[in-house]
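In what follows, a structure is listed as structure tokens, so that the remarks can point back to it.
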Amino acid sequence: MSLLDVIGFGLKVGHLFLLLCCWFLSLISLNWLSNGGIMTTKVGFIGEGGHAWIKFWGLVLDCVCKIHHNYYQYFGSRKVTKNWWRKLLIAWIVFGIMASLWVFWYMSSQALEKRKETLASMCDERARMLQDQFNVSMNHIQAMSVMISIFHHGKIPSAIDQRTFAKYTERTSFERPLTSGVAYAVRVLHAEREQFEIQHGLTIKRMDNVEQTPVHEDEYDPADLEPSPVQEEYAPVIFAQDTVAHVISVDVMSGKANRDNVLRARESGKGVLTAPFRLLKTNRLGVILTFAVYKADLPPYASTTERIQLTAGYLGGIFDIESLVEKLLQQLASKQTILVNVYDTTNVSQPISMYGSNNSFGGLCHVSALSFGDPFRMHEMHCRFKQKPPWPWVAITTSVGILIISLLMGQIFHATMNRIAKVENDYHEMMELKKRAEAADVAKSQFLATVSHEIRTPMNGVLGMLQMLMDTGLDETQKDYVRTARESGKALVSLINEVLDLAKIESGKLELEAVSFDLRAILDDVLSLFSGKSQDKKVELAVYVSSKVPATLVGDPGRFRQIVTNLVGNSIKFTDKGHIFVTVHLIEEVLDMEVEGNLNSSLSAYPVVDRRLSWAGFRPLNQDGGSSSSLADQINIIVSVEDTGQGIPLEAQSCVFHPFMQVGPSITRNGGTGIGLSISKCLVHLMKGEIGLASSPQIGSTFTFTAVFSNSSSNFNKSISQPVNSKFDSISSEFHGMRALLVESNPVRAMVSKYHIQRLGIHVEVVSDLSQSFSGVIPLNMVFIEEEIWNRDICMSVSMLRRNNYGIAPKLLLLSNSTSSVVQAGFSDSDVPTPFVVMKPLRASMLAASLQRAMGLGSRRMYRNGEHHNLSLSNLLHGKKILVVDDNPVNLVVASGALKKYGAEVVHAERGKDAILLLTPPHLFDACFMDIQMPEMDGFEATKRIREMELSINNRIQGGELSAEVYGHISKWHVPILAMTADVIQATNEACFKCGMDGYVSKPFEAEILYREVSRFFKAVSDADEKHQ
């Protein structure tokens, strides 16, 4: 196993740990996201902190992916990585076994050393005590030798006899604990032997035959001893302790060993020990300590010769070694009994055992030296434990524990590596599945794009042909059939859009635009979309936008329109009476109104649910301080859609925002797929807001959502909204300074009507009934009367108008929900002019057109829904030469017919190569509508080549290589090219702009979408020019 494998293992473990951490934290963050944590943070319902957190996690995951890629590139591909950890596992197990054996050996050796130390301590203690007690006895014997020298040999007559000596030694025996007896032998020359024997009445006996033939105590008889043979001198015992009285008359010089000790004692003047021998009578091993007794006149520093000459006798102490050592061991009782052996090691090769048995199991042995004061004799004490050493259980259990731990760690390592291998395999499988999923996602997107294109392409022909058929001479029945077919086709296109939106949301590819737009104009367009249905169902439809909401905002107008359209469309489906009311406020304003309690009125006087319940769960609204925005350029709005429809059961309210979920069978199914609210919720979250509802069966529902937009004061392109706004401003400027009276008893309805009238620059005064309508003195230009008040008090209305004192009667306008309900009776015979009817829902453009018709200002034509777009398109496209490129003949006919309808001159091309030839400068085309998916060369490639060609010509003109006169005095060629396709995938939209296209028009054509794109490049023809033409 190389160092590279070890590094690979470390990287593998670190990588696994990093993956686990990221997985754990990702679960936390995803849980936070699922609970709406990011969508409802303090700053703009997601906050800068939320964005920073998302970006941080993106960077972390990117780093993890890079580490994982590099790791598997350099280590994961090596074949050795499959088996190296098994070798490491075997090495670890071997190491664990060796470590446990070493621990066992070390702990056993430590226990053995401790046992040796214990044995040495015990042995040394016994040897020291034996030696100390021997020294005490030796000192006392030496002191007795001095006493004998003084009191026996130094006095005449002697002060000591056998009786005195025996009594004295008996009483002082405690001072000699190791001696079994003391005897004194006098020195007798051969010439003095006879006299000595006569004087003491005894015969000098010899002792060497006793040594050769030991006798027991009961067999010993001193009379049996033989007389000592003739020799130069004798040393018969004359004084003896009672315990050894049997040695009296025995010649200690007759034994060889004793003779040598006696001679050494008198020459050295010190105590001398004999070799161990069997004592008389007791037959036990013993030694004799001998001191020479000198005459009193011995000089202090006498020579050997002087010592020999002045020797008077010999005092000996008899030591019974066996009994003495036995007594000593009894005094030192211990928990661990040891065996003691005492040896005379003067002859090292043949030591003499003085005590103990040689039977042992051969275990530990400790030798302690003994010194008995005789340097010539050497003694040792050998100690052994009586019992065998116990098993080293601590060492065994510890080593076994270490072995078990090492095996467990090996098992853990094995399991971990198996787990890592499994995780790696799972990761590879997951990555493979991820690649497949991504490929499937791409395939799904391509499939959706293809299906969308393939469905929209014929639908474009169907809807286009139906529209062209509507412009022919049809009777009412035929028109109704065509209108029904066209509405069904639009419903199918709407369904396709919803499915595509849901697919883009699920894949995370839905992005919001950031353009400047007029929120009030978008709400007017939504009202125009549903005005026909609301009038047919006689349901009042109204919009109110607070004056505190800025005129223009920066965001995604299309997605905002989609949310409001979904909510209003649902309300239209399930509301058969009452009203549908859309309100827009700032969040701070709604909080103030909530405190004041001004949200409890109703537009149609029908009971409604408390709309405050619909935003009760919004986190920013529950915090003190109102808006969660901390940036000056952020605008937080709250939009409510209130209706008096059938309501939603409580059990179904929790699932209305789920995809493909609809309210149960208790409510009649009115069409739809059930994904509109789900898409709306996702779009609201993308706008950093929240959505909620409050509903009660048979009373109605209120849907409320919040959104965060930017202030239009930032540097954003406003070209998208400027054409419409400029047109509206030119119309509304005709009414600036006029005064109007609004007769309305319902405060909510009066607020809505006043809001729309004031948008035209008209000063409005509100009264509750007709009796107050003409009480003022300020002249009025117009009077708006609610239809209910006019029908209820029609007679009073005519009377009041006749009593008007003004020279010019104000224009009378009735605000009605349906043309069939307007009562015209009572005007035929009166001088009061017939009132003009203003149809609800009120919108600024429609109201301006109605006032122009009533007051004779500007054009008298009243536009129906979408007619102002048609008129504007006619002004924009009149006389323009447009190239339409499409490989489908039906689409060419439809596109050409739609553009020719607005006065454009259309040229056809079926291939991208033809478009390149036709758009090669110089040319006279004002714009080009190009299909994307075409054979041979698609629209992307054709547009790219056209842009390259234009750029080359522009550079050559600016460089002077080409003359601008040849190219129509145009130094910068750039024809607007608009993509024309049924593919509405976001990626396709991005590809359009990437290749150089200027806009995007989806099939089938809609007047509003077409006008929005075309108005970016063409200027409208003025009314005067139009009349002149």
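Start counting the sequence shown at 0; every next residue gets the next number (numbering that gives the first Met the number 0).
Even glycine gets a Cβ: it sits at the ideal position worked out from N, Cα and C.
Cβ pair residue i, residue j closer than 8 Å
i    : j    : result
L363 : K115 : yes
C994 : F939 : yes
I140 : F290 : yes
R955 : M933 : no
R186 : E225 : no
V366 : M106 : no
T304 : Y293 : no
M750 : M781 : no
E743 : S752 : yes
R560 : I521 : yes
V542 : P746 : no
R946 : I915 : no
D930 : D886 : yes
T345 : D319 : no
D768 : S709 : no
L540 : F529 : yes
I351 : A274 : yes
L813 : W789 : yes
Enclosing alpha helix (DSSP H) for residue i [first to last residue]
i    : result
C681 : 675-685
M97  : 83-147
T168 : 161-170
I203 : Unbroken run through I203: none, as it is neither H nor E.
M750 : 746-757
E940 : 938-957
N340 : Taken as a continuous stretch (DSSP letters only), N340 belongs to no alpha helix (DSSP H), being part of the beta strand (DSSP E) at 337-343.
I155 : Counting along the chain, I155 falls outside any alpha helix (DSSP H), and DSSP gives it neither H nor E.
Closest residue to residue i among the options (Cα-Cα distance)
i    : options                 : result
A693 : F702, N138, V638, A963  : F702
K387 : V399, I337, S398        : I337
C654 : I637, S639, Q645, L676  : L676
G616 : V884, M948, E689, V589  : E689
S844 : I761, D524, C681        : D524
R383 : S600, I945, G355        : G355
P696 : T705, G646, K680        : G646
P778 : I579, C927, P809        : P809
A926 : K489, V1013, E266, R944 : V1013
L566 : F580, S1001, T471, T273 : F580
K547 : G472, I674, M377, Y754  : Y754
D123 : I634, N887, H381, V683  : H381
V481 : G472, L468, K489        : L468
K385 : L511, L177, M121, A908  : M121
R485 : M458, L961, R376        : M458
R171 : N340, G463, G316, L278  : A quick correction: the sequence has Thr, not Arg, at residue 171. Considering only alpha carbons, the answer is G316.
N953 : L402, L811, Y966        : Y966
Segment limits, beta strand (DSSP E) that includes residue i
i    : result
D319 : 310-319
I237 : 236-239
T582 : 578-585
N282 : Run containing N282: none; DSSP gives neither H nor E here.
Q633 : 633-642
A513 : Neither: A513 is in no beta strand (DSSP E) and is coded neither H nor E.
T701 : 699-710
S815 : 810-815
A244 : Element bounds for A244: n/a, residue is neither H nor E.
G902 : That residue, G902, is in no beta strand (DSSP E); it is neither H nor E in DSSP.
R383 : 378-384
Any non-hydrogen atom of the ligand GTP closer than 7 Å to residue i Cβ
i    : result
E231 : The ligand GTP is not part of this structure, which contains no ligands at all.
Query raised in the report: Do three or more CB pairs link the stretch 164-180 to the stretch 396-414 at distances below 8 Å?
Result: no
Report task. Scan the stretch 485-554 and note each continuous beta strand (DSSP E) run of 3 residues or more that stays entirely inside, going in chain order. Result -> 514-517, 539-544, 551-554
Query raised in the report: Hey, is the stretch 192-202 in contact with the stretch 249-260, meaning 3+ C-beta pairs nearer than 8 Å?
Result: no
Report task. Evaluate the contact criterion for the stretch 173-189 versus the stretch 235-243: three or more CB pairs, one atom per stretch, below 8 Å. Result -> yes
Query raised in the report: Pairing CB atoms from the stretch 527-536 with CB atoms from the stretch 485-498, are three or more of them under 8 Å?
Result: no
Query raised in the report: Fully enclosed by the stretch 391-473, which alpha helix (DSSP H) runs are 4 residues long or longer?
Result: 392-469
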